[in-house]
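K.L.:
Here numbering that gives the first Met the number 0 is used: position 14 in the sequence shown is 13, and no number is missing along the way.
Positions of the beta carbon are idealized from the N, C-alpha and C atoms, including for glycine.
Given the structure is predicted, the values throughout are model-derived calculations rather than measurements.
Mind having a look at this structure? Questions to follow.
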Amino acid sequence: MVDNELVQDVFITTLILENNSPVVLERSLDKEKDPLMIVSNNIEFAHIDNSKSTKTSYVNLVENSEGLLVNFDFLNPNDRIYINLIHKQENQDFKVKGSFKGITEVKKKTVFSLLEYVEKNPRISGGVLMVLLIIGLLDLIYAICSLTNFVYNHIKKKIG
0 MVDNELVQDV FITTLILENN SPVVLERSLD KEKDPLMIVS NNIEFAHIDN SKSTKTSYVN
60 LVENSEGLLV NFDFLNPNDR IYINLIHKQE NQDFKVKGSF KGITEVKKKT VFSLLEYVEK
120 NPRISGGVLM VLLIIGLLDL IYAICSLTNF VYNHIKKKIG
């Protein structure tokens, strides 16, 4: 289910944002005039794949009325940010816009490339997605119970 609507299939598109310039790209996260954004009308959920992304000092995504803001402190040359986008329609047109100090425009294959569709829309059935969500929830419950049990035993040991 997405937004209380039963969905038969969902699709995952992985976007890779890579700094192709020879300079470090720095962002002023407060009061930017032209922030880096992913623009699409049909993104249901997005997250940064930290296991693949280059480790920068800070990266996050913020949804607003225009699209999805990509916030980061800096990206060194050749650094990459992997972003998984989940959507209900198979074919999506994702655009990246924004500018940097000293760079007037973000263009594909010049300064900040958008290497899109690395995983060409793998299809996940609604049933499989539900099972994955349930497994994740059970794992979270187990972690909370384990922590509670640890704290209880620790307090019990201290009290005597």
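(1) Would you list, in sequence order, the uninterrupted beta strand (DSSP E) runs of no fewer than 3 residues that lie entirely inside the stretch 21 to 103?
(2) Report yes if the C-beta distance between residue 19 and residue 86 is below 8 Å; otherwise report no.
(3) Would DSSP call residue 165 helix, strand or coil?
(4) Return helix, strand or coil for residue 130, following the three-state DSSP convention.
(5) Between the alpha carbons of residue 158 and residue 151, how many angstroms are there, rounded?
(6) Measure how close the beta-carbons of residue 24 and residue 74 come, nearest whole angstrom, since I'm counting them as under 8 Å.
(7) Provide the residue(s) that pair with residue 149 in DSSP beta bridges, ordered along the chain.
(8) How would you call residue 71, buried or exposed, if buried means at least 16 neighbouring beta carbons within 10 angstroms?
(9) Work out the CA separation of residue 143 and residue 80 for me, nearest whole Å.
(10) Rounded to the nearest angstrom, how far is the Cβ of residue 36 from that of residue 67, given a contact under 8 Å?
(11) Can residue 97 and residue 21 be called in contact, C-beta distance under 8 Å?
P.N.:
This is what the structure gives:
(1) Whole beta strand (DSSP E) segments, 3+ residues: 36 to 38, 42 to 47, 58 to 62, 67 to 71, 79 to 86, 94 to 96.
(2) Translated into positions along the sequence shown, residue 19 becomes position 20. Translated into positions along the sequence shown, residue 86 becomes position 87. Contact flag unset, no.
(3) Summary: the structure shown does not reach residue 165, with the chain confined to residues 0 through 159, and so no result is reported for it.
(4) In the sequence shown, residue 130 corresponds to position 131, counting from 1. Reduced to three states, the DSSP call for residue 130 is helix.
(5) Locating residue 158 in the sequence shown gives position 159, counting from the first residue. Locating residue 151 in the sequence shown gives position 152, counting from the first residue. Going from the Cα of residue 158 to the Cα of residue 151 covers about 11 Å.
(6) Here the question's residue 24 lines up with position 25 in the sequence shown. Here the question's residue 74 lines up with position 75 in the sequence shown. 5 Å between Cβ atoms; contact.
(7) Counting from 1 along the sequence shown, the entry for residue 149 is found at position 150. DSSP lists no partner for residue 149.
(8) Here residue 71 refers to the residue found at position 72 of the sequence shown. With 16 or more other Cβ atoms within 10 Å, it is buried.
(9) As a working mapping, residue 80 is identified with position 81 in the sequence shown. As a working mapping, residue 143 is identified with position 144 in the sequence shown. One C-alpha to the other measures close to 31 Å.
(10) Position 37 of the sequence shown, counted from the start, is the residue given in the question as residue 36. Position 68 of the sequence shown, counted from the start, is the residue given in the question as residue 67. Confirmed, about 6 Å.
(11) In the sequence shown, the residue the question calls residue 97 occupies position 98. In the sequence shown, the residue the question calls residue 21 occupies position 22. The answer is no: Cβ separation not under 8 Å.
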